[in-house]
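Asker: I have a structure I would like to understand better, so I am pasting it below and will then ask my questions one at a time.
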Amino acid sequence: MHRSPVTGPDRMPAEGDVSRSYPVGAHRLSVAGGSRVGQRYSANFDVLHVDPVLPFVAVADGMGEGRGSTAAGGTTMETMVAGVRVAAPQIGPDQLRAAMAQAQSRVRAAGAELGELTGCTFTGLVVVPPAGGADDAGRVPAPGEGLPEAAYPGGSGAADQVLRVRRTAPVARTAPGSAPAGPAPGSAPAGTAPGSAPAGTGGTGELTGWIVQIGDSRAYRLRDGLLELLTVDHTAAWLGAVYGWYPADSPAAAAARYQLTRYVGHPAMPEPDLLNVSLRPGDVYCLCTDGVAEQLDYQRLSGRLGAAGNLLETVRGVLADTLVAGGRDNATIAVLRVEP
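In the numbering used here, each number is its position in the sequence shown, counted from 1, plus 7.
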């Protein structure tokens, strides 16, 4: 399909950006997110979710530039949001895995109906309140009851603030026929991370969260000045880097960057990686699509995330940097900071 370049400034108004604050136990979590379509393409298939009630953020990134991308991103986000809300507040790996399995089935069904590539990546972070916490009325929600607003004091009953924007990829990403559907080397198993504690405990009484990820949208954590990549890109390029299949700067490596080994809509319906993480005062968690990760170097992203002040301005600064870098792809980001 012909891709028409976009001239002029950012096509996504700043008013579409979202910020929220969540009291959880003795902690306060600040969250902000936003998306930009970029300077080159006229469409955007990214999806951003900043939940109006739960401390739950997620990004999805469609594959290709057709109706399949729109269907995959929207269906996956809606399914995962519904699964998280039903299981909250004490959500764990079983519920997240089940929600992703349902998303896989729905996206596959949509693809069969559309008759075209239908898939997306997904990365989400949901924070779990301290184990055994009761709501404001002193009542612990019953299993399967879903999320009462009081489970997260200060939560709003407002309608969803889900930002959906279409995405046109610079290169249509397809899964190579020989690409494995299983986990990439070094990735977390499809379950809990080794040595991880049960949901909500953190092993040391810390606030904890679950990262659920499939594809090449990423999750980073900035702690004590060190920015770490917590997730693994499910791409042939990542495998090639691990096994030395080709030089990192070779044309083969560049092409492999867009060959996903796992994604929502994959024929083998692979499971996501699940990672249990602690949240400490001062921590900054960043979820982003490859339009951010591919265009900002480590130092620039680390500097932006470590800056003090308004988190929404941090998000807008990152997104502005992607445009300065060329705006070669859509860029979507969600940032969560644990306030001291």
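For glycine and all other residues, C-beta sits at the position ideal for the given N, C-alpha and C. Owing to the predicted nature of the structure, the values given are computational and were not obtained by experimental measurement.
Suppose contacts are defined by Cβ-Cβ distances below 8 Å. Is Trp-5 in contact with Val-135 by that definition?
Answerer: Nothing can be reported for residue 5: it is not among the residues displayed for the chain, which extend from 8 to 347.
Asker: In chain order, what residues of the same chain have a beta carbon less than 6 Å from the beta carbon of Met-107, not counting five sequence neighbours either side?
Answerer: Taken in chain order, the residues that qualify are Pro-279.
Asker: Report the option in Gln-302, Val-342, Ala-315 whose CA atom is closest to the CA atom of Asp-336.
Answerer: The shortest Cα separation from Asp-336 among Gln-302, Val-342, Ala-315 belongs to Gln-302.
Asker: Beta-carbon within less than 6 Å of Gly-300's beta-carbon, same chain only, minus the 5 sequence neighbours each way: which residues are those?
Answerer: Gly is not the amino acid found at residue 300; the sequence shown has Ala there. Answer for Ala-300: Arg-225, listed in chain order.
Asker: Roughly how many angstroms separate the alpha carbons of Leu-330 and Pro-96, rounded to a whole number?
Answerer: Cα to Cα, the separation comes out at about 38 Å.
Asker: Looking at the unbroken beta strand (DSSP E) that takes in Gly-131, where does it start and where does it end?
Answerer: Taken as a continuous stretch (DSSP letters only), the beta strand (DSSP E) holding Gly-131 covers 127-135.
Asker: Closest by CA to Gly-69, which one among Thr-128, Ser-112, Val-322?
Answerer: Of the listed residues, the one whose Cα sits closest to Gly-69 is Thr-128.
Asker: For Ile-221, which beta-bridge partners are listed by DSSP?
Answerer: Bridge partners of Ile-221: Phe-129.
Asker: Less than 8 Å between the beta carbons of Gly-289 and Pro-347, yes or no?
Answerer: Yes, they are a contact pair.
Asker: Which value, in whole angstroms, describes the spacing of the CA atoms of Leu-236 and Leu-312?
Answerer: Spanning the two alpha carbons is a distance of roughly 13 Å.
Asker: Please name the residue in Val-322, Val-219, Ser-76 whose C-alpha comes closest to that of Met-87.
Answerer: For the residues Val-322, Val-219, Ser-76, the minimum Cα distance to Met-87 belongs to Val-219.
Asker: For Leu-132, tell me which candidate among Ala-248, Leu-286, Gly-298, Ala-315 has the shortest Cα-Cα distance.
Answerer: Ranking the options by Cα distance to Leu-132, first place goes to Leu-286.
Asker: Just to confirm the assignment, what range does the alpha helix (DSSP H) spanning Tyr-411 have?
Answerer: Residue 411 cannot be examined here, being either before or after the span of the chain that is shown, 8 to 347.
Asker: Report yes or no: do the region 263-275 and the region 110-129 share at least 3 C-beta pairs separated by less than 8 Å?
Answerer: Flag = yes, the region 263-275 and the region 110-129 touch.
Asker: Going by the beta-carbon positions, is the gap between Glu-338 and Gly-45 smaller than 8 Å?
Answerer: Residue 338 is actually Ala in this sequence, not Glu. The answer is yes: Cβ separation under 8 Å.
Asker: Quick one: Cα of Leu-308 to Cα of Asp-328, how far?
Answerer: Distance between the alpha carbons of Leu-308 and Asp-328: 9 Å.
Asker: What does a CB cutoff of less than 7 Å around Val-322 pick up in its chain, not counting 5 residues either side in sequence?
Answerer: So the qualifying residues of the chain are Asp-24, Ala-39, Gly-40, Gly-41, Ile-340, Val-342.
Asker: Would you list the one or two residues that DSSP bridges to Tyr-29?
Answerer: DSSP, once it has assigned bridges, lists Leu-36 as partnering Tyr-29.
Asker: What residues are listed by DSSP as bridge partners for Ile-340?
Answerer: Gly-41, Cys-295, per the DSSP bridge assignment.
Asker: Inspect the beta-carbon positions of Pro-62 and Leu-36 and report whether they are closer than 8 Å.
Answerer: Going by C-beta atoms, Pro-62 is nearer than 8 Å to Leu-36.
Asker: Determine the DSSP secondary structure at Thr-268, reduced to helix, strand or coil.
Answerer: The answer is coil: DSSP assigns Thr-268 none of H, G, I, E or B.
Asker: When the Cα atoms are used, what is the spatial distance from Gly-210 to Val-284?
Answerer: Unreliable placement is indicated for Gly-210, whose pLDDT of 46 sits below 50; no coordinate value is reported for it.
Asker: Could you spell out where the beta strand (DSSP E) holding Val-91 opens and where it closes?
Answerer: Counting along the chain, Val-91 falls outside any beta strand (DSSP E), though it belongs to the alpha helix (DSSP H) covering 74-94.
Asker: Can you have a look at Ala-119 and say buried or exposed, based on whether 16 or more other CB atoms are within 10 angstroms of its CB?
Answerer: Exposed: under 16 other Cβ atoms inside 10 Å.
Asker: Buried or exposed, going by whether 16 or more other CB atoms sit within 10 Å of the CB of Gly-126?
Answerer: Classification for Gly-126: buried.
Asker: Return the residue from the list Gly-222, Cys-293, Ala-261 that minimises the CA-CA distance to Leu-234.
Answerer: The shortest C-alpha separation from Leu-234 is found at Cys-293.
Asker: Less than 8 Å between the beta carbons of Leu-282 and Arg-104, yes or no?
Answerer: Cβ atoms of Leu-282 and Arg-104: not closer than 8 Å.
Asker: With a 10 Å radius around its C-beta and 16 neighbouring C-beta atoms as the bar for buried, classify Asp-53 as buried or exposed.
Answerer: It counts as buried.
Asker: Among residues of its own chain, excluding the 5 on either side of Ala-263, which ones have a beta-carbon nearer than 7 Å to its beta-carbon?
Answerer: Cβ neighbours of Ala-263 beyond the five flanking positions: Thr-242, Ala-243, Ala-244, Gly-247.
Asker: May I have the straight-line CA-CA distance separating Pro-30 from Thr-296, to the nearest angstrom?
Answerer: Computed Cα separation, rounded: 27 Å.
Asker: What number of angstroms, rounded off, separates the C-alpha of Val-122 from the C-alpha of Ala-116?
Answerer: The question names Val, yet the displayed sequence has Gly at residue 122. About 10 Å.
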